[in-house]
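Q: Submitted below is the structure of interest, expressed as structure tokens.
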Amino acid sequence: MILAAVLASFFFIARRITTKEAYIAHEKAQCRAIAISTALCAADAALSDPAVASLVKESGALEYISDHQKTPDNISVSVTMMSSDEGKSLIRSRSASGWNSRSPQRSEFSVILDEDGKTLFKREEDAEAARLITEARKKIGAEEKLKEHTFTFPNERPCPAPFTAKSALVDCLGEKKVWIIFFDKGGD
Numbered sequence: 112m113i114l115a116a117v118l119a120s121f122f123f124i125a126r127r128i129t130t131k132e133a134y135i136a137h138e139k140a141q142c143r144a145i146a147i148s149t150a151l152c153a154a155d156a157a158l159s160d161p162a163v164a165s166l167v168k169e170s171g172a173l174e175y176i177s178d179h180q181k182t183p184d185n186i187s188v189s190v191t192m193m194s195s196d197e198g199k200s201l202i203r204s205r206s207a208s209g210w211n212s213r214s215p216q217r218s219e220f221s222v223i224l225d226e227d228g229k230t231l232f233k234r235e236e237d238a239e240a241a242r243l244i245t246e247a248r249k250k251i252g253a254e255e256k257l258k259e260h261t262f263t264f265p266n267e268r269p270c271p272a273p274f275t276a277k278s279a280l281v282d283c284l285g286e287k288k289v290w291i292i293f294f295d296k297g298g299d
């Protein structure tokens, strides 16, 4: 019995070592997908929900967070929306893998929402990643079970304009499926 336990522990350790690179690559892809999709989600919320848009415009900058316990893989995610005098908004999202990760990762993504509602990206690779996530979002079927998330202010302050998002497991970045978060435009 002791020999079996020792052999099992060696097998477990060897497996963890041999799968570490793939695990790290997936963890990076997952954090990146959450960061990108959350920025796009916030842009959709600002375009679709007048309460969110006016609140950002009035305050100049707002930070929203989602409960990490309800976010896929316990990834913490926050999004900051900042408006400018020219009518543009900078949306920056940050994601970080949870405390239970073998290799904690972080990702940050920014998008500019212009006054016409178009999203602008700083780099071509950011635009391509956003396109892949948007395409994957379109392929989500009605039969899939989606998790719901409400973005609120940090520190549990009352939120006059929270927005609701959903998440789904999709094929878009990396070799394995990753979770994305998208704006819920009222049941679509």
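Residue numbering for the sequence shown follows our numbering, starting at 112 and increasing by one per position. The C-beta atom is built at its ideal place from N, Cα and C for all residues, glycine as well.
Using the Cα positions of A247 and A276, report the straight-line distance between them to the nearest angstrom.
A: Taking the first residue of the sequence shown as 1, we reach residue 247 at position 136. Taking the first residue of the sequence shown as 1, we reach residue 276 at position 165. So the alpha carbons of these two residues sit roughly 16 Å apart.
Q: Are the Cβ atoms of A157 and A164 separated by less than 8 Å?
A: If you number the sequence shown from 1, residue 157 lands on position 46. If you number the sequence shown from 1, residue 164 lands on position 53. It is a contact, given that the beta carbons lie within the stated cut-off.
Q: If you run the structure through DSSP and keep just helix, strand and coil, what is T130?
A: Translated into the one-based positions of the sequence shown, residue 130 becomes position 19. Looking at T130 - three-state DSSP - the assignment turns out to be coil, as it is neither helix nor strand.
Q: Excluding the 5 residues preceding and the 5 following D105 in the sequence, name in chain order all residues of the same chain whose CB lies nearer than 8 Å to its CB.
A: The structure shown does not extend to residue 105, since the chain is modelled only from 112 through 299, so no value can be given for it.
Q: Cutting at 6 Å between CB atoms, please list the residues of its own chain near I251, excluding the five before and the five after it.
A: As a first step, residue 251 is located in the sequence shown; it is residue number 140 there, counting from the start. The beta carbon of I251 lies closer than 6 Å to those of A279 in the same chain, with the five residues before and after it left out.
Q: When the distance is taken between beta carbons, is S206 closer than 8 Å to V222?
A: In the sequence shown, counting from the first residue as 1, residue 222 sits at position 111. In the sequence shown, counting from the first residue as 1, residue 206 sits at position 95. Cβ atoms of V222 and S206: not closer than 8 Å.
Q: Can you tell which of K288, T261, V289, D282 has its C-alpha closest to the C-alpha of I176?
A: On the sequence shown, position 65 is the one that residue 176 refers to. Among K288, T261, V289, D282, the Cα nearest to that of I176 is on T261.
Q: Would you identify the three-state DSSP class for E174, choosing helix, strand or coil?
A: Along the sequence shown, one-based indexing puts residue 174 at 63. Strand at E174.
Q: How would you label D295, buried or exposed, when you count the other beta carbons within 10 angstroms and need 16 or more for buried?
A: One-based indexing of the sequence shown puts residue 295 at position 184. So D295 ends up on the buried side.
Q: How big is the Cα-Cα spacing for F274 and I291?
A: Translated into positions along the sequence shown, residue 274 becomes position 163. Translated into positions along the sequence shown, residue 291 becomes position 180. Spanning the two alpha carbons is a distance of roughly 16 Å.
Q: From the DSSP output, read off the bridge partner residues of E259.
A: Locating residue 259 in the sequence shown gives position 148, counting from the first residue. Partner(s): K277.
Q: Quick one: grab the DSSP three-state call for E331.
A: As shown, the chain starts at 112 and ends at 299. That puts residue 331 outside it, with no answer to give.
Q: So, using beta-carbon positions, are C142 and Q216 closer together than 8 Å?
A: Position 31 of the sequence shown, counted from the start, is the residue given in the question as residue 142. Position 105 of the sequence shown, counted from the start, is the residue given in the question as residue 216. Their beta carbons are under 8 Å apart, which means C142 touches Q216 by this criterion.
Q: Return the chain-ordered list of same chain residues with a C-beta closer than 7 Å to the C-beta of S194, the five sequence neighbours on each side being excluded.
A: Taking the sequence shown and counting its residues from 1, one reaches residue 194 at position 83. So the qualifying residues of the chain are V167, K168, G171, S200.
Q: Between P265 and E138, how many whole angstroms is the CB-CB distance? I'm expecting something under 8 Å.
A: Taking the sequence shown and counting its residues from 1, one reaches residue 265 at position 154. Taking the sequence shown and counting its residues from 1, one reaches residue 138 at position 27. About 24 Å; that fails the 8 Å criterion.
Q: Can you tell me the Cα-Cα spacing of L243 and A150, whole angstroms?
A: Sequence index remark: in the sequence shown, residue 243 carries index 132 (1-based). Sequence index remark: in the sequence shown, residue 150 carries index 39 (1-based). Using only the alpha carbons, I get a separation of about 14 Å.
Q: Could you tell me the alpha carbon to alpha carbon distance between V190 and T245, rounded to whole angstroms?
A: Here residue 190 is taken as the residue at index 79 of the sequence shown, counted from 1. Here residue 245 is taken as the residue at index 134 of the sequence shown, counted from 1. Taking the straight line from one Cα to the other gives about 18 Å.
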